[in-house]
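**Student:** In this text, residue positions in the sequence shown follow numbering that gives the first Met the number 0: the first is 0, and each later residue adds one.
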Amino acid sequence: MNTRVAAPRRVIVAITGASGAIYGIRLLHALRRVGGIESHLLVSGAGWLNIQHELQLTKDDVHPLADVVHSVRHIGASVASGSFSTHGMIVAPCSMKTLASIAHGLSDNLISRAADVTLKERRRLVLMVRETPLNLAHLRNMTAVTEMGGIVFPPVPAFYSKPASLDEMVDHTVARAMDLLALGPSLAPAWEGLNGAA
Numbered sequence: 000m001n002t003r004v005a006a007p008r009r010v011i012v013a014i015t016g017a018s019g020a021i022y023g024i025r026l027l028h029a030l031r032r033v034g035g036i037e038s039h040l041l042v043s044g045a046g047w048l049n050i051q052h053e054l055q056l057t058k059d060d061v062h063p064l065a066d067v068v069h070s071v072r073h074i075g076a077s078v079a080s081g082s083f084s085t086h087g088m089i090v091a092p093c094s095m096k097t098l099a100s101i102a103h104g105l106s107d108n109l110i111s112r113a114a115d116v117t118l119k120e121r122r123r124l125v126l127m128v129r130e131t132p133l134n135l136a137h138l139r140n141m142t143a144v145t146e147m148g149g150i151v152f153p154p155v156p157a158f159y160s161k162p163a164s165l166d167e168m169v170d171h172t173v174a175r176a177m178d179l180l181a182l183g184p185s186l187a188p189a190w191e192g193l194n195g196a197a
C-alpha cells in the first residue's frame with residue numbers, strides 16, 4: 000500500500016526595499032486565511048527598513064506571520080534548490096534592484112536565487128514591481144523576466160471596484176496577485192460588466 004504523504008503547498012513571499020511593504024504583509028495574512036499553505040518568508044535589509052518605516056512593525060511582529068523565515072544571506076536554505084517543491088513565489092513589493100538581479104540571473108542573495116529557481120523549474124514567479132517613472136533599464140529588465148516566464152504585476156489600484164479605503168485597495172491587489180498562483184477559487188471579485196445599453 001502506498002502511504003506517501005503529499006508535500007504541502009508552499010509559497011515563497013519576498014519583501015524587498017521598494018515602497019509598499021504592506022503588500023507583502025497583507026499577502027502573508029491572506030495566505031494564512033486560505034489555509035493549507037506553508038509560507039516561506041524572505042526579507043531584504045532594505046525591506047526590513049521599509050517595514051519599520053512604513054508600518055512601524057518589527058521582526059518580532061512579522062516573523063509569526065510566516066511558517067518559515069529565511070535569512071536572505073542563507074544561500075543554502077531549502078528554497079535555494081529546485082528539489083524543494085513550491086507552488087510559486089511572489090515578490091511584494093519588488094525593487095528595481097531585485098528585478099535587475101532576477102532579470103540577469105545574478106542569484107546574489109536568497110531572494111534572487113529563489114526567484115531564479117522558481118523560473119528554472121517553470122513555477123509561477125510574480126513580481127509586484129514598484130517604481131515610477133520607469134527608465135529604459137527597468138523596462139528592459141521587465142521584458143527579460145517576462146520572456147523567462149515571470150509575471151510582472153505592478154500594484155496598480157483598481158478604481159472600478161470602488162474601494163472605500165486604502166485597505167480595500169491593497170487587499171484587492173493582493174487577491175489579484177494570489178490568483179496568479181492558482182491556489183484555488185479566485186479571491187478577487189470578478190468584474191460583472193457595466194449595466195447599460197450598447
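Every residue, glycine too, gets a C-beta built ideally from N, C-alpha and C.
1) Could you tell me the distance, in whole angstroms, from the CA atom of residue 181 to the CA atom of residue 59?
2) So what's residue 38 in DSSP terms, helix, strand or just coil?
3) Between the Cα of residue 73 and the Cα atoms of 193, 43, 132, which residue gives the shortest distance?
4) Among 143, 192, 85, which has the Cα closest to the Cα of residue 113?
5) What number of angstroms, rounded off, separates the C-alpha of residue 77 from the C-alpha of residue 83?
6) Can you list the alpha helix (DSSP H) stretches of 4 or more residues lying completely in the stretch 62–110, in chain order?
7) For residue 193, report the span of its beta strand (DSSP E) as first-last.
8) If you drop the 5 nearest sequence neighbours on each side, which residues of the same chain put their C-beta closer than 7 Å to that of residue 79?
9) Across the stretch 119–133 and the stretch 45–63, are there enough close Cβ pairs to call them in contact, namely three or more that are closer than 8 Å?
**Tutor:** Taking the structure as given:
1) Position 182 of the sequence shown, counting from 1, holds the residue named residue 181. Position 60 of the sequence shown, counting from 1, holds the residue named residue 59. Straight-line Cα distance between these residues: approximately 30 Å.
2) Counting from 1 along the sequence shown, the entry for residue 38 is found at position 39. Residue state, collapsed to three classes: strand.
3) Here residue 73 refers to the residue found at position 74 of the sequence shown. Nearest of 193, 43, 132 to residue 73, Cα basis: 43.
4) The sequence position of residue 113 within the sequence shown is 114, counting from 1. The option with the nearest alpha carbon to residue 113 is 85.
5) Taking the sequence shown and counting its residues from 1, one reaches residue 77 at position 78. Taking the sequence shown and counting its residues from 1, one reaches residue 83 at position 84. Spanning the two alpha carbons is a distance of roughly 6 Å.
6) 95–102
7) Within the sequence shown, residue 193 is the residue found at index 194, counting from 1. It is not in any beta strand (DSSP E) - residue 193 carries neither H nor E in the DSSP assignment.
8) Indexing the sequence shown from 1 puts residue 79 at position 80. Taken in chain order, the residues that qualify are 109, 112, 113, 116.
9) no
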